[in-house]
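Here the sequence shown is numbered in this note's numbering, starting from 447 and rising by one per residue. We treat Cβ as the ideally placed atom computed from N, Cα and C, and that holds for glycine.
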Amino acid sequence: MLVEVIDHVAGKWSISILVAAARGPVRFTELERSIEGISRRMLTLNLRRLERDGLLTRTVHPTVPPKVEYSLTAMARELYSYLTGLVDWAERHRGAITQARAAYDATAAAATEAGQPRPQPKR
447 MLVEVIDHVA GKWSISILVA AARGPVRFTE LERSIEGISR RMLTLNLRRL
497 ERDGLLTRTV HPTVPPKVEY SLTAMARELY SYLTGLVDWA ERHRGAITQA
547 RAAYDATAAA ATEAGQPRPQ PKR
């Protein structure tokens, strides 16, 4: 069960949704616009899962057309404090990670062309 919980909250889309929803009640279309690369279907599936897990509250306002908003629960607000640290870390280090990947890929490509085994990542 622990792995399943971590899987749900640490997934690519879950983190993006929770970070985007942290600014207050947010509508589906606002989430869709603010999360780069997510499809409507993937957003819908993840919203349902996060709601089922008790991390989001879905509120339907009786208007025409219906207005639906998503908000973080208290449990999700606690999680958000940890996620912002992770997001900040990713922002600070993405350039270094991109450089490391490029260097690794160049070494691997050169080794492949020379008929040598692929190099192992540095630890």
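- A direct Cα-Cα distance of roughly 24 Å separates residue 487 from residue 449.
- With 16 or more other Cβ atoms inside 10 Å of its own Cβ, residue 518 counts as buried.
- Runs of beta strand (DSSP E) with 3 or more residues, each lying fully within the segment 473-525, are found at 502-507, 513-518, listed in chain order.
- Counting along the chain, residue 467 sits inside the alpha helix (DSSP H) bounded by residues 458-467.
- Only buried fits residue 481, as 16 or more other CB atoms lie within 10 angstroms of its CB.
- Between the alpha carbons of residue 520 and residue 496 lies a distance of about 13 Å.
- Cα atoms of residue 549 and residue 502: separation of roughly 41 Å, rounded to the nearest angstrom.
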